[in-house]
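Asker:
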Amino acid sequence: MEREIRLNYSQMHSPLFVSLSDAKIAKCISKATQRVALVAPGIGAETADAILEARSRLGHERLFVVVDCDEEVFRLGYGCLKALKKITDDGQVVGQSSGLRIGVLVCDAIAYSFAPTALYVEPEVHSNETPNAIVLKSGDVDRILARIVPKEAREVVIPPNHH
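Every letter in the sequence shown is one number past the one before it in numbering that gives the first Met the number 0, and letter 84, counting from 1, is 83.
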């Protein structure tokens, strides 16, 4: 007999499993003070706006975006073409990674690995009760950045009392 195990994600002091939606990704990007790296199948409208704001605040050399620009991505609902066009028209360099179906978000010293929602199939999750992401450790952040960000842009200074 199978038994479902339910963890109460929202009551954990520092949750390991969280929910990341377009709005939450945008919020994380908006809070970044030193660097942002986003690797995902696509980006949504709120994320695009946050990227443009962060680009002007942090500088283009501190913002890195890699997506899958293949037509299938947009058909499945992994972001929208209009959002991608908005940031590229503004001059944001976007790397291409065909077949990408997992996401990684790095904002300063915090990172998440997440499963983006194919909006054609189901609606986005907005509650930590139905997580689609895991919070990564600083060592993981360094390993991720080593693959996608130039060395001179990887350093980040964490102010005292910053969590």
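Positions of the beta carbon are idealized from the N, C-alpha and C atoms, including for glycine.
Every value quoted in this text rests on a predicted model; they were computed, and no experiment measured them.
Which word fits residue 145, buried or exposed, when buried means at least 16 other C-beta atoms lie within 10 angstroms of its C-beta?
Answerer: Classification of residue 145: exposed, given that the 10 Å Cβ count is below 16.
Asker: Which residues in the same chain as residue 106 place their Cβ atom closer than 7 Å to its Cβ, once the five residues preceding and following it in sequence are excluded?
Answerer: Correct list, in chain order: 27, 28, 30, 31 and 35.
Asker: Distance check for residue 13 and residue 64, CA to CA, integer angstroms please.
Answerer: Distance between the alpha carbons of residue 64 and residue 13: 27 Å.
Asker: Where DSSP assigns a beta bridge to residue 91, which residues make up the other side?
Answerer: DSSP output for residue 91 lists no bridge partner at all.
Asker: Here's the rule: buried if 16 or more other CB atoms are within 10 angstroms of the residue's CB, otherwise exposed. What is residue 122?
Answerer: Per the 10 Å Cβ criterion, exposed.
Asker: Who pairs with residue 25 in a beta bridge, going by DSSP?
Answerer: The partner list for residue 25 (beta bridge, DSSP) is empty, contrary to what the question assumes.
Asker: Would you check if the segment 90-107 and the segment 66-78 touch, i.e. whether three or more CB-CB distances between them fall below 8 Å?
Answerer: Contact between the segment 66-78 and the segment 90-107 is present, because at least three Cβ pairs lie under 8 Å.
Asker: Which of helix, strand or coil does DSSP assign to residue 96?
Answerer: Three-state result, residue 96: coil.
Asker: With a Cβ-Cβ cutoff of 8 Å, do residue 61 and residue 33 count as a contact?
Answerer: Taking 8 Å as the Cβ cut-off, residue 61 and residue 33 qualify as a contacting pair.
Asker: Quick check on residue 133: does DSSP put it in helix, strand or coil?
Answerer: DSSP places residue 133 in strand when its eight states are reduced to three.
Asker: So, at 7 Å on beta carbons, what are the nonlocal neighbours of residue 97 in its own chain, with the 5 sequence-adjacent residues on each side left out?
Answerer: Counting only Cβ-Cβ distances below 7 Å, and skipping sequence neighbours, we find 67 and 69.
Asker: Within 8 Å of any Cβ in chain B, is that where the Cβ of residue 92 sits?
Answerer: Although the question refers to chain B, the structure presented lacks it and comprises just one protein chain.
Asker: What is the DSSP secondary structure of residue 49, reduced to helix, strand or coil?
Answerer: In this structure, residue 49 counts as helix in the three-state DSSP scheme.
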